[in-house]
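Novice:
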Amino acid sequence: MKWEDVRKSRNVEDRRNQSRGTSFPGSFGRGRSSGGGLGGGLIWLLLSRTSGRMKLILLGLFLLLTFLGSGGLGNLNNSTIYNRDIIPSEEVSVDNSINSTNTDGQTLNASDKEVQFFQAVLATTEDYWHSMFDSMGKTYREPSLVIYTDSISTGGCGVGSAQAGPFYCPADETVYIDLQFYRDLTTKYNAPGDFAMAYVIAHEVGHHVQKLVGTMDDYNSVRQRMSTKQANDLTVRLELQADYYAGAWANYVKQEGLLEMGDIEEALQAAHSVGDDTLQKEAYGYVVPDSFTHGSSEQRRTWFLRGFEYADFQHGDTFNTDI
Ligand SMILES: [Zn+2]
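If you read the sequence shown in numbering that gives the first Met the number 0, its first letter stands for residue 0, the second for the next number, and so on.
1. What do you reckon, is the C-beta of aspartate 171 under 7 Å from a heavy atom of ligand 1?
2. On the CB-based measure, 16 or more other CB atoms within 10 Å of its CB, does arginine 6 come out buried or exposed?
3. Any idea if methionine 225 is buried or exposed, counting beta-carbon neighbours within 10 angstroms, 16 or more meaning buried?
4. Using only the alpha-carbon positions, how far apart do tyrosine 244 and asparagine 16 sit?
5. Just verifying my parser: in three-state terms, what is the DSSP assignment at leucine 144?
6. Helix, strand or coil for phenylalanine 312? Go by DSSP, reduced to three states.
7. Pairing CB atoms from the region 189 to 205 with CB atoms from the region 256 to 275, are three or more of them under 8 Å?
8. So for aspartate 321, helix, strand or coil by DSSP?
9. Do valine 11 and phenylalanine 180 have their beta-carbon atoms positioned less than 8 Å apart in this structure?
10. Are the region 246 to 256 and the region 306 to 321 in contact at 8 Å, needing three or more beta carbon pairs?
11. Going by alpha carbons, who is nearest to aspartate 4 out of Gln115, Ile85, Ile176, Gln254?
12. Indicate whether valine 255 and threonine 292 have their beta-carbon atoms separated by less than 8 Å.
13. So for valine 208, helix, strand or coil by DSSP?
14. Below 8 Å, can you find three or more Cβ-Cβ pairs linking the region 131 to 145 to the region 163 to 174?
15. Starting from valine 174, follow the beta strand (DSSP E) in both directions and report where the run begins and ends.
16. Does the beta-carbon distance from valine 199 to proline 169 come in below 8 Å?
17. Check glycine 104 in the structure and name its three-state DSSP category.
18. Would you give the residue range spanned by the beta strand (DSSP E) that glutamate 113 belongs to?
19. If tyrosine 167 and glutamate 203 are in contact, beta carbons under 8 Å, what's the gap, nearest whole angstrom?
20. Anyone know if the C-beta pair for tryptophan 2 and alanine 119 falls short of 8 Å?
21. If you draw a straight line from the alpha carbon of arginine 300 to that of glycine 315, how long is it in whole angstroms?
22. What does the shell around ligand 1 hold, if a residue joins when its beta-carbon is under 5 Å from any heavy atom?
23. Which of helix, strand or coil does DSSP assign to aspartate 149?
24. By the three-class DSSP mapping on this structure, what secondary structure does aspartate 4 have?
25. Checking 8 Å against the spacing of the C-beta atoms, do leucine 178 and serine 8 come in under that value?
26. For threonine 102, count neighbouring Cβ atoms within 10 angstroms of its own Cβ and tell me buried if that reaches 16, exposed if not.
27. Does glutamate 12 come out as helix, strand or coil in the three-state DSSP assignment?
28. Below 8 Å on the Cβ atoms is my guess for alanine 190 versus serine 272; work out the distance and round it to an integer in Å.
29. Classify isoleucine 200 as helix, strand or coil using the three-state DSSP reduction.
30. Identify, in the order they occur along the chain, each residue of the same chain with its Cβ nearer than 6 Å to the Cβ of aspartate 94, setting aside the five sequence neighbours on each side.
31. Do you know how far the Cα of phenylalanine 132 is from the Cα of aspartate 126?
32. Can you tell me whether glutamine 313 is buried or exposed? The criterion is at least 16 other CB atoms within 10 Å of its CB, across all chains shown.
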């Protein structure tokens with residue numbers, strides 16, 4: 000993608016230095032999300048200053064607060080049914096920061112160029128969706144994009160972990176991208192190229208569009224009344240629509256003369272590589288169709304290409320057509 004001369008968005012925030020992994024317990028507390036909140040922090044402080052039996056009592060109290068603070072087992076179970084890349088605003092995600100070490104053990108210091116790339120790609124999504132919303136007589140509200148490493152405290156979706164991959168938080172209308180994922184695209188998922196990453200950003204922005212037009216709200220209210228299998232099917236449709244929107248954006252990038260040879264292949268390879276069947280095969284060695292939440296590799300390719308071809312809202316209704 001020829002992005003160097005593209006306008007740079009001001010909505011990209013670099014929060015790579017705010018890794019949560021070594022933080023004071025509870026210090027990033029937001030509602031139920033933290034380990035005991037303020038009370039936990041106080042006990043932690045007292046713990047370091049007492050000894051013997053008192054210390055044991057305080058430790059027990061701290062563990063109890065931590066457990067309650069994390070929402071207990073109920074919250075842990077709930078978290079597993081959600082989509083990897085949309086963290087529902089009402090729910091708090093599980094803090095996995097303890098386990099999130101970088102696979103290569105390196106400090107992830109992206110160059111300024113990488114940040115500029117994110118700014119340029121986000122700017123193209125802003126220009127595209129502004130024009131689309133304008134044509135409907137609506138106003139497009141631009142999302143933010145936060146670059147982070149390891150884990151991050153969000154504005155209403157709890158703590159996001161790099162292990163979850165890129166995600167969109169509807170509460171603060173922000174796309175969160177972990178830099179390690181960018182590198183994993185090349186090494187782990189065999190989807191190299193800047194356009195592969197651009198596609199992922201456009202997909203997450205697609206979820207933001209779904210929030211703005213009301214699809215996300217409809218999805219959240221309907222899935223409450225469904226079985227797990229039905230809810231998964233609905234989630235696949237939500238995901239494929241985000242892929243369709245990414246394809247529509249790619250069409251705009253082409254119209255703007257910013258596409259380079261091989262870009263679409265890069266996006267298709269990324270769509271293929273992060274399809275749930277590929278991910279599940281990689282993780283477990285087999286595929287479980289009912290548990291798909293993003294769609295198969297083939298479905299993702301198909302809907303991205305469909306968006307690239309039609310680039311309108313009408314052909315992107317994944318909820319009322321065969322997928
Ligand atoms: Zn998604």
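All residues carry an ideal CB built from backbone N, CA and C; glycine is no exception.
Specialist: Answer, in terms of the structure:
1. Here residue 171 is taken as the residue at index 172 of the sequence shown, counted from 1. It does not: the Cβ of aspartate 171 is nowhere closer than 7 Å to a heavy atom of ligand 1.
2. Walking along the sequence shown from the start, residue 6 turns up at place 7. Result: exposed.
3. The count along the sequence shown starts at 1 and reaches residue 225 at position 226. It is exposed - the Cβ of methionine 225 has fewer than 16 other Cβ atoms within 10 Å.
4. The count along the sequence shown starts at 1 and reaches residue 244 at position 245. The count along the sequence shown starts at 1 and reaches residue 16 at position 17. Spanning the two alpha carbons is a distance of roughly 32 Å.
5. Counted from its first residue, the sequence shown places residue 144 at position 145. In the structure shown, leucine 144 sits in a strand (DSSP, three-state: E or B).
6. As a first step, residue 312 is located in the sequence shown; it is residue number 313 there, counting from the start. Residue state, collapsed to three classes: coil.
7. yes
8. Looking up residue 321 in the sequence shown gives position 322. Of the three classes helix, strand and coil, the one that applies to aspartate 321 here is coil, per DSSP.
9. Stepping through the sequence shown from its first residue, residue 180 is reached at position 181. Stepping through the sequence shown from its first residue, residue 11 is reached at position 12. It is not a contact, given that the beta carbons lie outside the stated cut-off.
10. yes
11. For the purposes of this step, residue 4 is taken as residue 5 along the sequence shown, with counting starting at 1. Among Gln115, Ile85, Ile176, Gln254, the Cα nearest to that of aspartate 4 belongs to Gln115.
12. The count along the sequence shown starts at 1 and reaches residue 255 at position 256. The count along the sequence shown starts at 1 and reaches residue 292 at position 293. Looking at the sequence shown, residue 255 is not valine but glutamate. In this structure, threonine 292 does not lie closer than 8 Å to glutamate 255 by Cβ.
13. Counting from one through the sequence shown, the residue named residue 208 turns up at place 209. Residue state, collapsed to three classes: helix.
14. yes
15. For the purposes of this step, residue 174 is taken as the residue at position 175 of the sequence shown. Run containing valine 174: 173 to 177, per the beta strand (DSSP E) assignment.
16. Your numbering for residue 199 matches position 200 in the sequence shown. Your numbering for residue 169 matches position 170 in the sequence shown. Contact flag unset, no.
17. As a working note, residue 104 is residue 105 in the sequence shown. Interpretation of glycine 104 is limited by its pLDDT of 41, a score under 50 that renders its predicted location unreliable; no figure is taken from the coordinates.
18. Your numbering for residue 113 matches position 114 in the sequence shown. Segment 111 to 134 is the alpha helix (DSSP H) holding glutamate 113; no beta strand (DSSP E) there.
19. If you number the sequence shown from 1, residue 167 lands on position 168. If you number the sequence shown from 1, residue 203 lands on position 204. About 5 Å separates the two Cβ atoms, so the contact holds.
20. Position 3 of the sequence shown, counted from the start, is the residue given in the question as residue 2. Position 120 of the sequence shown, counted from the start, is the residue given in the question as residue 119. Closer than 8 Å, so yes.
21. As a working note, residue 300 is residue 301 in the sequence shown. As a working note, residue 315 is residue 316 in the sequence shown. The straight-line gap from Cα to Cα measures roughly 14 Å.
22. Asp84, Glu238, Ala241
23. Position 150 of the sequence shown holds residue 149. If DSSP states are grouped into helix, strand and coil, aspartate 149 belongs with coil.
24. For the purposes of this step, residue 4 is taken as the residue at position 5 of the sequence shown. In the structure shown, aspartate 4 sits in coil (DSSP, three-state: anything other than H, G, I, E or B).
25. Your numbering for residue 178 matches position 179 in the sequence shown. Your numbering for residue 8 matches position 9 in the sequence shown. Not a contact, by the Cβ cut-off of 8 Å.
26. Locating residue 102 in the sequence shown gives position 103, where the first residue counts as 1. Low confidence applies here, because threonine 102 scores a pLDDT of 40, under 50, leaving its location unreliable; read the following figure in that light. Flag for threonine 102 reads exposed.
27. Position 13 of the sequence shown, counted from the first residue, corresponds to residue 12. The answer is strand: DSSP assigns glutamate 12 an E or B state.
28. Counted from its first residue, the sequence shown places residue 190 at position 191. Counted from its first residue, the sequence shown places residue 272 at position 273. 4 Å between Cβ atoms; contact.
29. In the sequence shown, counting from the first residue as 1, residue 200 sits at position 201. The answer is helix: DSSP assigns isoleucine 200 an H, G or I state.
30. Within the sequence shown, residue 94 is the residue found at index 95, counting from 1. Only weak support exists for where aspartate 94 lies, its pLDDT of 37 falling under 50; the value from the coordinates is given anyway. Excluding residues within five positions, the ones whose Cβ falls inside 6 Å are Val158.
31. As a working mapping, residue 126 is identified with position 127 in the sequence shown. As a working mapping, residue 132 is identified with position 133 in the sequence shown. Roughly 10 Å separates the two Cα atoms.
32. One-based indexing of the sequence shown puts residue 313 at position 314. By the neighbour-count rule (16 or more Cβ atoms within 10 Å), glutamine 313 is not buried but exposed.
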